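The numbering of the sequence shown is our numbering, which starts it at 4 and goes up by one. Even glycine gets a Cβ: it sits at the ideal position worked out from N, Cα and C. From a predicted model like this one, the values you see are computed outputs, not experimental measurements.
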Amino acid sequence: MRYEYKNLTFDYQETADIMTARPPADFCFHLLCRHGAATIIFEDHPFDIKKNDVLIISKPAGLSGSMQTADFKAEAFSARLDFLNRQLPANNYAIGGSISLYNDPVLHLSDRDAEQLLNGMRAIRNRLPETAHPFYPELIGSLCLTMMYDLFSFHMANRPSVYATERNLYVVKELMAMLEAGHSRQHRSVAWYAKAMNVTSKYLSETVRRHTGHSVSYHIDRATVPLIKEMLDNPRYSITQIAEEMNFGTPAYFSRYVSQRLGISPKRYRSSRMSM
Numbered sequence: 004m005r006y007e008y009k010n011l012t013f014d015y016q017e018t019a020d021i022m023t024a025r026p027p028a029d030f031c032f033h034l035l036c037r038h039g040a041a042t043i044i045f046e047d048h049p050f051d052i053k054k055n056d057v058l059i060i061s062k063p064a065g066l067s068g069s070m071q072t073a074d075f076k077a078e079a080f081s082a083r084l085d086f087l088n089r090q091l092p093a094n095n096y097a098i099g100g101s102i103s104l105y106n107d108p109v110l111h112l113s114d115r116d117a118e119q120l121l122n123g124m125r126a127i128r129n130r131l132p133e134t135a136h137p138f139y140p141e142l143i144g145s146l147c148l149t150m151m152y153d154l155f156s157f158h159m160a161n162r163p164s165v166y167a168t169e170r171n172l173y174v175v176k177e178l179m180a181m182l183e184a185g186h187s188r189q190h191r192s193v194a195w196y197a198k199a200m201n202v203t204s205k206y207l208s209e210t211v212r213r214h215t216g217h218s219v220s221y222h223i224d225r226a227t228v229p230l231i232k233e234m235l236d237n238p239r240y241s242i243t244q245i246a247e248e249m250n251f252g253t254p255a256y257f258s259r260y261v262s263q264r265l266g267i268s269p270k271r272y273r274s275s276r277m278s279m
């Protein structure tokens with residue numbers, strides 16, 4: 004089932020074939036195995052999936068093949084990655100978690116956790132047809148956020164240390180540590196982070212993309228947008244004050260930045276939040 008609302012697209016499937024359920028490149032893919040087993044090829048590496056495993060892929064183009072047992076059954080939910088990222092508050096666990104999932108996109112869940120995740124996915128599925136709802140993006144976004152927080156919890160239980168593997172290099176860990184410390188409040192250029200780590204911008208960019216599947220700018224934005232939303236939600240700050248506080252050159256530049264990443268201007272975002 005595919006549902007479209009303005010520039011948003013959501014997809015929910017009960018499927019026996021992983022590649023058929025794979026969404027477009029700019030989506031994030033969540034697939035919960037309900038029965039049987041499968042092997043996928045992601046970024047040229049094989050990963051096995053069995054009952055109660057959840058597959059989380061933020062770069063579907065990296066999913067190049069799969070083989071399923073005859074009794075394989077799964078449920079899958081996909082949404083645009085930028086829409087899901089916009090729902091997240093100022094909590095950077097998702098940044099480090101995305102690195103871990105890029106290296107291994109499969110989480111092994113208990114029966115209880117799998118049932119909890121399935122309930123969360125079906126809560127989204129059940130409300131997707133309500134495109135006439137006056138707050139449809141906010142409604143679906145809140146349900147997606149609940150699902151994502153459950154996934155964060157399952158991830159923490161499965162992989163206590165996000166950076167526990169040798170594949171996550173020093174510069175990647177340092178970049179994530181700086182973003183988690185809030186440096187993107189003032190600094191959003193790749194060159195600034197490269198200089199702080201005493202490496203070239205090219206080296207930083209290539210290393211981060213190789214080990215996370217995304218650019219440095221992508222990770223900087225993921226850390227910055229929740230900070231902006233947090234300040235826009237606080238009526239004590241004017242938009243001009245927020246632009247100054249976050250080291251944007253002008254309010255106009257700040258407005259362009261927000262509009263490009265949230266899909267609406269700071270003023271409209273604030274108005275929509277206050278009307279809720």
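Annotation for R264: D224, V228 place their beta carbon closer than 7 Å to its own, counting only its chain and skipping 5 residues before and after. DSSP places T18 within a strand segment (E or B) once states are collapsed to three.
T134 carries a coil assignment under DSSP once its states are collapsed to helix, strand and coil.
Annotation note: the stretch 230-274 contains no uninterrupted beta strand (DSSP E) run of length 3 or greater. Here P63 is not near F86, since their CB atoms are 8 Å or more apart. Just so you know, the alpha carbons of E133 and Q90 end up roughly 19 Å apart. Counting along the chain, the unbroken beta strand (DSSP E) around F80 starts and ends at 76-83. Beyond the five residues adjoining it in sequence on each side, L35 comes within less than 7 Å, by CB distance, of V57, A77, E78, A117, L120, L121, M124 in the same chain, given in chain order. Secondary structure note for M70: its beta strand (DSSP E) is the uninterrupted segment 66-71. Scanning its chain for C-beta atoms nearer than 8 Å, with the 5 sequence neighbours on each side dropped, one finds around S69 the residues D20, I21, M22, A41, T42, I43, I44, in chain order.
For R213, the enclosing alpha helix (DSSP H) covers residues 204-215. According to the DSSP assignment, A180 belongs to no beta strand (DSSP E) but to the alpha helix (DSSP H) extending over 173-183. Nearest neighbour of N10 by Cα position, chosen from Y139, M159, Q71, turns out to be Y139.
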